[in-house]
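Everything below concerns the one structure shown next.
Numbering (UniProt numbering), first residue to last: 1 to 194.
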């Protein structure tokens, strides 16, 4: 039976969306990539959102998802640490960039031209291809100085990260955390008045 997992795609950036595959529900941290089926669902969701394309892989994800799961979770752990450090304004050691480069070396890029659009297609084992694409995205965010816009959600129970380019955003999303906090504040004010 297939699970219908909702992934909180809040950035459109592959590396950040990977980090945000860990969420907190009812006070418990939940890994949304707990199985090969979850990884397949995540990749299919990314495809539907136009973030990844099946054309970037040499074979169907069903054939290699189990082999990729531990590698992708290891990469997620590394990225979470660095992204949280950026969100907290800490100095980040540049050796993490060498780690990302090593993922890309295992699956260097070629390109396909499809309907006047360049599609990045790393060459290598499919699990390395996915890791390479994620690492490239993180490196690109760093190179374009977008990681300086990384923030934690204002909800202390939330582990989601987001990029705020305007300097006004507090929540990972209004739908996930913002409205909950507004409702909680409203109910507290209402109870105080009564």
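All C-beta atoms, glycine included, are put in the ideal place defined by N, C-alpha and C.
Model, not experiment: these values are computed from the prediction.
**Request:** Assess, as a yes-or-no matter, whether the region 23 to 38 is touched by the region 89 to 99 under the definition of 3 or more beta carbon pairs within less than 8 Å.
**Result:** With the cut-off at 8 Å, the region 89 to 99 and the region 23 to 38 do not touch.
**Segment contact flag, the region 152 to 159 with the region 92 to 99, C-beta cutoff 8 Å, min 3 pairs** = Flag = no, the region 152 to 159 and the region 92 to 99 do not touch.
**Item:** Cβ neighbour criterion (16 or more within 10 Å) applied to residue 200
**Value:** No answer is possible for residue 200: the residues shown for the chain start at 1 and end at 194.
**Request:** Determine the direct distance from the alpha carbon of residue 149 to that of residue 129, and round the result to whole angstroms.
**Result:** Answer to the nearest angstrom: the Cα atoms are 27 Å apart.
**Prompt:** To which residues does DSSP link residue 29 through a beta bridge?
**Reply:** 24, per the DSSP bridge assignment.
**Item:** Extent of the continuous alpha helix (DSSP H) run through residue 77
**Value:** 61 to 87 is the span of the alpha helix (DSSP H), which, as asked, contains residue 77.
**Item:** residue 94 versus residue 72 - alpha carbon distance
**Value:** Approximately 21 Å between the Cα atoms of the pair.
**Request:** Return the CA-CA distance between residue 1 and residue 166, expressed in angstroms with no decimal places.
**Result:** Model confidence at residue 1 stands at a pLDDT of 41, short of 50, so the residue's coordinates are unreliable; what they give is reported in the following sentence. So the alpha carbons of these two residues sit roughly 42 Å apart.
**Asked** From which residue to which residue does the beta strand (DSSP E) around residue 118 run?
**Response** Following the DSSP letters along the chain, one finds residue 118 inside the beta strand (DSSP E) bounded by residues 117 to 122.
**Request:** Tell me, please, which residues DSSP counts as bridged to residue 111.
**Result:** Residue 111 is bridged to 120.
**Request:** If I'm right that residue 145 touches residue 14 with Cβ under 8 Å, what's the distance once you round it to whole angstroms?
**Result:** Not a contact, Cβ separation roughly 18 Å.
**Request:** Answer with buried or exposed for residue 168, where buried requires no fewer than 16 other C-beta atoms within 10 angstroms of its C-beta.
**Result:** Answer is exposed; the Cβ neighbour count stays below 16.
**Message:** Given this structure, state the Cα-to-Cα distance separating residue 60 from residue 49, to the nearest angstrom.
**Reply:** If I take the Cα positions, the gap works out to 18 Å.
**Prompt:** Would residue 43 be called buried (16 or more neighbouring beta carbons within 10 Å of its own) or exposed?
**Reply:** For residue 43, the number of other beta carbons within 10 angstroms of its own is at least 16, and it is reported as buried.
**Request:** Please list the segments of the alpha helix (DSSP H) lying wholly inside the region 132 to 163, counting only runs of 4 or more residues, in order along the chain.
**Result:** Taking only runs of at least 4 residues, no alpha helix (DSSP H) segment lies wholly in the region 132 to 163.
**Message:** Tell me the residue span of the alpha helix (DSSP H) that contains residue 15.
**Reply:** Run containing residue 15: 14 to 19, per the alpha helix (DSSP H) assignment.
**Asked** Can you tell which of 40, 57, 20 has the C-alpha that lies nearest to the C-alpha of residue 126?
**Response** Nearest of 40, 57, 20 to residue 126, Cα basis: 57.
**Request:** With distances taken Cα to Cα, identify the nearest neighbour of residue 80 among 162, 103, 174.
**Result:** With distances taken between Cα atoms, residue 80 lies closest to 162.
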